[in-house]
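Quick notes on the structure that follows.
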Amino acid sequence: MNLRIVPVLAIASFLTACPSPPPKQQAGGTDAEGRAAGRAPALTVKGSDTMVILSQRVAELYMAKNPGKTVQVTGGGSGTGIAALINGTTSIANASRPMKASEKAQVLQRRGAPATEYPVALDGLAVYVHESSPVQALSVQQIAAIYKTEITNWKEVGGPDARIVIYGRENNSGTYSYFKEVVLEEEDFAPETQTLPGTAAVVNAVSKDRNSIGYGGIAYGSGIRAIAVKKDADAPAVLPTQENVVAGTYPLSRYLLMYTAGEAAGDAKAFLDFTLSDEGQKVAETVGYYPLPKKEAGTAPAIPSEDAAAGE
Amino acid sequence: MAPADEAALKTSKPTTPAVGPRPPIPGLRRRQLIDKLSAWAITAVAFTAIAAVVLIFVFVVREAIPLFTDAEIREEVTPMGMVLPQPWKEGAEPSFAWQPVSTRPKYSLAPLFLGTLKVTLVALIFAVPLAILAAVFSAEFAPRRLREVVKPAIELLAGIPSVVLGFFALMVLATFFQSTFGFHFRLNAIVAGVGLGLTIIPVVYTVSEDALTAVPRAYREAAYALGASKARTAWSVILPAASPGIFASIVLGFGRAMGETMIVLMASGNAAIVSWNPTDSVRTIPATIAAEMGEVVVGGAHWSVLFFLGALLFLVTLSFNSLGGWYVARLRKKLGGIPA
Numbered sequence: 001m002n003l004r005i006v007p008v009l010a011i012a013s014f015l016t017a018c019p020s021p022p023p024k025q026q027a028g029g030t031d032a033e034g035r036a037a038g039r040a041p042a043l044t045v046k047g048s049d050t051m052v053i054l055s056q057r058v059a060e061l062y063m064a065k066n067p068g069k070t071v072q073v074t075g076g077g078s079g080t081g082i083a084a085l086i087n088g089t090t091s092i093a094n095a096s097r098p099m100k101a102s103e104k105a106q107v108l109q110r111r112g113a114p115a116t117e118y119p120v121a122l123d124g125l126a127v128y129v130h131e132s133s134p135v136q137a138l139s140v141q142q143i144a145a146i147y148k149t150e151i152t153n154w155k156e157v158g159g160p161d162a163r164i165v166i167y168g169r170e171n172n173s174g175t176y177s178y179f180k181e182v183v184l185e186e187e188d189f190a191p192e193t194q195t196l197p198g199t200a201a202v203v204n205a206v207s208k209d210r211n212s213i214g215y216g217g218i219a220y221g222s223g224i225r226a227i228a229v230k231k232d233a234d235a236p237a238v239l240p241t242q243e244n245v246v247a248g249t250y251p252l253s254r255y256l257l258m259y260t261a262g263e264a265a266g267d268a269k270a271f272l273d274f275t276l277s278d279e280g281q282k283v284a285e286t287v288g289y290y291p292l293p294k295k296e297a298g299t300a301p302a303i304p305s306e307d308a309a310a311g312e
Numbered sequence: 001m002a003p004a005d006e007a008a009l010k011t012s013k014p015t016t017p018a019v020g021p022r023p024p025i026p027g028l029r030r031r032q033l034i035d036k037l038s039a040w041a042i043t044a045v046a047f048t049a050i051a052a053v054v055l056i057f058v059f060v061v062r063e064a065i066p067l068f069t070d071a072e073i074r075e076e077v078t079p080m081g082m083v084l085p086q087p088w089k090e091g092a093e094p095s096f097a098w099q100p101v102s103t104r105p106k107y108s109l110a111p112l113f114l115g116t117l118k119v120t121l122v123a124l125i126f127a128v129p130l131a132i133l134a135a136v137f138s139a140e141f142a143p144r145r146l147r148e149v150v151k152p153a154i155e156l157l158a159g160i161p162s163v164v165l166g167f168f169a170l171m172v173l174a175t176f177f178q179s180t181f182g183f184h185f186r187l188n189a190i191v192a193g194v195g196l197g198l199t200i201i202p203v204v205y206t207v208s209e210d211a212l213t214a215v216p217r218a219y220r221e222a223a224y225a226l227g228a229s230k231a232r233t234a235w236s237v238i239l240p241a242a243s244p245g246i247f248a249s250i251v252l253g254f255g256r257a258m259g260e261t262m263i264v265l266m267a268s269g270n271a272a273i274v275s276w277n278p279t280d281s282v283r284t285i286p287a288t289i290a291a292e293m294g295e296v297v298v299g300g301a302h303w304s305v306l307f308f309l310g311a312l313l314f315l316v317t318l319s320f321n322s323l324g325g326w327y328v329a330r331l332r333k334k335l336g337g338i339p340a
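Protein chains in written order, with the working numbering: chain A, 1 to 312; chain B, 1 to 340.
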């Protein structure tokens, strides 16, 4: 009975050879503005892939509350978003890194107004070890060396004489990209890194493995301990508490930013205000980021970029 | 039905042979038509299943083709680059690496193939002896009543969702193995393989059991007549006679184990290491597809490579399953046992 499938398959493989290659669709398409141009004025938000989900969720909520308004969110990376802001093809640029001075100068030159930065949420990750581990603090460089298997034994970083078991996240997660970017400085993880789906899986694995290390969102679970991280060998060790993350002293955290050319006005201002409102901040929390500390949230704290102003 | 419709039917079906010289049975044509239509409909449903298989294959292969034709993708990955070890950095030794998200994406298939094979072999080594011995027991030794309990119980294993088995392997088996043997990797090919073995035990058991019971009675009677004990008969007569069927069961189990996703995704650690050591963590092809498909650029190199892997997996498991199925069918015919 199964044999009958064989000629059918032969036909199938023949058929596949015939059709022309499929139309190639790029996710995070770059033609969003083009599409937007044809329709009623839509607010475009473009940039950091890390922030796509956040902006998308906020936009859905915003559009539900404000019928008739359209917000188009696309990814592409922080650099892409900033480039689009410079070229005037997006109203808001999402960036998970601060703009460089040169980029700010370009915005001022091309758009005639200084880039304005709005922090919208905080992103950070913790490095965990088993709760019984004597290791209390590691520098960013030591963590990187562990994940590149340049350090393979805990005794090299002040722990017991035992091989380090390393856990990480799957390569489709934002946490993976952030860790790779900030800790490994774009170098590859060692092949020995065991990749698990989700922070919960990493926390669970570390809690069951005395000699392991893992990373993920700043979560608290039983059986694990988040270690204090030093920016470099001589810097003070900082624990990933909410205060330290918010104060910016914890090295593995960053602001997620939105940029506009000039002060945000009209639709862009309405959307930014909504992102910074309690509702918007709640979305940030549900997608795994930290809301801004209370004093910053509520109203959009327009921080006109100093570098650009100095360049004037 | 209105008479007008009857007339329409008659004209549309002029070739229907008349039912002899007797007066026609009222409504016979209509019933014949309904019969025919139902038969067609059922056939169409049956072919839908085959069409689904074909369409899935067509779709998967179509997405993988740009790997060989698209210039942009070929810049990022070449077929040679997937097969042969590459010097990934200037002056570095050529090696295999699976790092699709990287400043220089690395798509060696070797770690994934090796991982899949390793886990599958562990699963077979664990499951096949257990399943075959269980089949021998229930076919040859078990009293009828016990057999009626054992057989459905083992087959019930097939009904456990693989995510549950994966969770069991992750939480229970992994801890047990690590505390017993002290493996460096808590999640490794052995843990995943044993978890996977649980899914193939019912496959191997059912087919082997069928093969054993299909051995003609005369074989047993001849052995007993020569004074052989029950164990001797089972070992020297029944098992060899059923060996083609048992072989087929192993082939089927292999195909099933290779394509299984959830258990290995959860319990293998998913580290793409090139080694034959079963206590190392492994990354398999199905787990890679499941883990990475969510966020790739549609139509990009990574996307095509994943579909290519899917097509290969499809072909391998399909050929193993067809081979096993064909063998089982042939065997049943030959031994004149249970009709296929």
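For glycine and all other residues, C-beta sits at the position ideal for the given N, C-alpha and C.
Within the DSSP secondary-structure output, P119(A) pairs in a beta bridge with L257(A). Taking CB atoms only, G269(B) has a neighbour in chain A less than 8 Å away.
L323(B) is positioned such that its CB atom lies no closer than 8 Å to that of V207(B). Residue contact with chain B for E186(A): present (Cβ-Cβ distance below 8 Å to some residue of chain B).
When the Cα atoms are used, S95(B) and I151(A) turn out to be separated by approximately 21 Å. Put simply, the stretch 229-245 of chain B does not touch the stretch 146-165 of chain B. Fewer than three CB pairs are less than 8 Å apart.
For F185(B), at least one C-beta of chain A is nearer than 8 Å to its own C-beta. If you ignore the 5 residues before and after Y205(B), its C-beta comes within less than 7 Å of the C-beta of A131, A134, A135 and I154, all in its own chain and listed in chain order. For E292(B), the nearest beta carbon of chain A is closer than 8 Å to its own beta carbon. In this structure, the beta-carbon distance from A226(A) to A126(A) falls below 8 Å. Counting only runs of 4 or more residues that sit fully inside the stretch 238-314 of chain B, the alpha helix (DSSP H) segments are 239-259, 262-267 and 285-292, in chain order.
In this structure, V61(B) keeps its C-beta atom at 8 Å or more from the C-beta atom of Y107(B). Three or more beta-carbon pairs separated by less than 8 Å are not found between the stretch 313-323 of chain B and the stretch 71-85 of chain B, which leaves the two stretches without contact. Our two residues, M171(B) and T69(B), have alpha carbons roughly 45 Å apart in a direct line.
If you draw a 10 Å sphere on the C-beta of R30(B), you find fewer than 16 other C-beta atoms in it, and that means exposed. A direct Cα-to-Cα measurement between A95(A) and E117(A) gives close to 10 Å.
Rounded to the nearest angstrom, the gap between the Cα atoms of T90(A) and S173(A) is 26 Å.
Taking the C-beta atoms as reference points, Q194(A) is found nearer than 8 Å to Y167(A). The three-state reading of DSSP puts S38(B) in helix, counting H, G and I together.
Taking 8 Å as the upper bound for CB-CB distance, T175(B) and I263(B) are not in contact here, some 16 Å apart. Contact annotation for P100(B) against chain A: N171 [CB-CB distance below 8 Å, chain order]. When Cβ-Cβ separations below 8 Å define contact, S281(B) makes contact with chain A. A233(A) counts as exposed, since fewer than 16 other C-beta atoms from the protein chains shown sit within 10 angstroms of its C-beta.
Counting only Cβ-Cβ distances below 8 Å, R163(A) has contacts in chain B at H184, in chain order.
Contact between R283(B) and P111(B) holds: their C-beta atoms lie close to 6 Å from each other, under 8 Å. Listed by position along chain B, the residues whose Cβ is nearer than 8 Å to that of T193(A) are A271. Minimum Cα-Cα distance from A71(B) among the listed residues S304(B), V119(B) and R104(B) corresponds to S304(B).
Contact check for S275(B) and L187(B): beta-carbon distance about 15 Å, past the 8 Å limit, so the pair fails to qualify.
The beta carbons of A223(B) and V237(B) sit about 5 Å from each other, so the pair counts as a contact at 8 Å. When only Cα atoms are considered, A284(A) and A205(A) end up about 27 Å apart. T275(A) sits close to V58(A), with the two beta carbons spaced by under 8 Å. In the three-state reduction of the DSSP assignment, N188(B) falls in the coil class, being assigned neither a helical nor a strand state. Across the structure, A123(B) and V194(B) are spaced so that their CA atoms are roughly 5 Å apart. Taken through DSSP and simplified to helix, strand or coil, R144(B) comes out as helix. With a 10 Å radius around the Cβ and a threshold of 16 neighbouring Cβ atoms, G158(A) comes out exposed. Across the structure, D273(A) and I218(A) are spaced so that their CA atoms are roughly 26 Å apart.
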